[in-house]
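S.K.: After the structure tokens below, expect a handful of questions from me.
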Amino acid sequence: LFVLKQWYQRRVRGCITGLVISVYALWVEHQVKTRSNYLALCDLHQYASCSRVLSSKYATGFGVIGQIFGESSVLNQPNCLYGILFYLFYLTLDTVSQHLVVIQLKFSLSLSSLVMSLYLAYILAFVLVDLCLVCLATYAVNVGLSVPAFENYFRAMRKFANESEKKK
Numbered sequence: 014l015f016v017l018k019q020w021y022q023r024r025v026r027g028c029i030t031g032l033v034i035s036v037y038a039l040w041v042e043h044q045v046k047t048r049s050n051y052l053a054l055c056d057l058h059q060y061a062s063c064s065r066v067l068s069s070k071y072a073t074g075f076g077v078i079g080q081i082f083g084e085s086s087v088l089n090q091p092n093c094l095y096g097i098l099f100y101l102f103y104l105t106l107d108t109v110s111q112h113l114v115v116i117q118l119k120f121s122l123s124l125s126s127l128v129m130s131l132y133l134a135y136i137l138a139f140v141l142v143d144l145c146l147v148c149l150a151t152y153a154v155n156v157g158l159s160v161p162a163f164e165n166y167f168r169a170m171r172k173f174a175n176e177s178e179k180k181k
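Under our numbering, residues 14 to 181 are what the sequence shown spells out, in order.
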């Protein structure tokens with residue numbers, strides 16, 4: 014029980030950290046668009062500039078939603094807005110229950126966040142050739158949230174399989 018409480022507290026802290034980072038990223042995006050000489054705290058160097066990354070075409074709709082649904086589509090939102098929604102939803106799920114469906118949903122969300130983090134890390138390193146501390150921090154948060162979600166999922170699947178065996 015103590016271990017589960019620790020994991021829960023870590024997930025809550027991870028979600029709150031992800032929220033703070035995503036809100037900051039949204040703030041930076043807004044400032045870059047509205048102020049021509051804005052210099053963000055995360056702009057360290059010419060090749061380590063979060064404002065450059067957050068104002069790139071990949072910072073909105075993951076660089077693909079606009080191509081599929083159109084640039085003016087309601088789905089073509091800043092990635093950090095998707096992050097805010099993700100962390101709020103994940104936090105809500107974490108506080109709701111430990112029902113198998115919720116565990117499976119958190120597993121799926123965690124897996125999708127890792128896939129998106131890998132995709133965006135690839136874009137960051139090989140397309141934009143930049144270093145974004147805000148981006149790296151969100152990738153780390155996503156990994157941190159995924160580890161307990163995966164452990165919880167596999168533990169629940171083993172328990173479900175054992176209960177199914179006992180019923181036979």
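All C-beta atoms, glycine included, are put in the ideal place defined by N, C-alpha and C.
Assuming V156 and L127 make a contact with CB atoms under 8 Å, what is their CB distance in whole Å?
M.R.: Sure, about 7 Å apart at Cβ, within 8 Å.
S.K.: For H112, does the three-state DSSP call read helix, strand or coil?
M.R.: Correct three-state label for H112: coil.
S.K.: How many angstroms separate the CA atom of L113 from the CA atom of A169?
M.R.: Whole-angstrom Cα-Cα distance: 7 Å.
S.K.: Applying the criterion that 16 or more other CB atoms from any shown protein chain within 10 Å of the CB defines a buried residue, is K172 buried or exposed?
M.R.: Label assigned to K172: exposed.
S.K.: At the level of alpha carbons, what is the spacing between A174 and S121?
M.R.: Rounded to the nearest angstrom, the two C-alpha atoms are 19 Å apart.
S.K.: Sort L124, K46, F102, A53 by Cα distance to L146 and report the nearest one.
M.R.: Minimum Cα distance to L146 is reached at A53.
S.K.: My output table needs one value for S86: the three-state DSSP class, helix, strand or coil.
M.R.: Here S86 sits in coil by DSSP.
S.K.: Between the Cα of Y95 and those of G83, S35, D107, spot the shortest distance and give me the residue it belongs to.
M.R.: If we check each option's Cα against that of Y95, S35 comes out closest.
S.K.: Can you grab the Cα-Cα spacing for the pair V87 / G79, in whole Å?
M.R.: Looking at the two C-alpha atoms, the distance is approximately 9 Å.
S.K.: Output the residue ranges of the beta strand (DSSP E) runs that lie fully inside the stretch 19–62 and measure 3 residues or longer, sorted by chain position.
M.R.: For the stretch 19–62, whole beta strand (DSSP E) runs of length 3 or above, ordered along the chain, are 56–58.
S.K.: Does any heavy atom of the ligand GTP sit closer than 7 Å to the C-beta of F163?
M.R.: The model depicted lacks the ligand GTP and carries no ligand whatsoever.
S.K.: In angstroms, rounded to a whole number, what distance separates the CA positions of F75 and K180?
M.R.: Near 46 Å, if we compare the C-alpha coordinates of K180 and F75.
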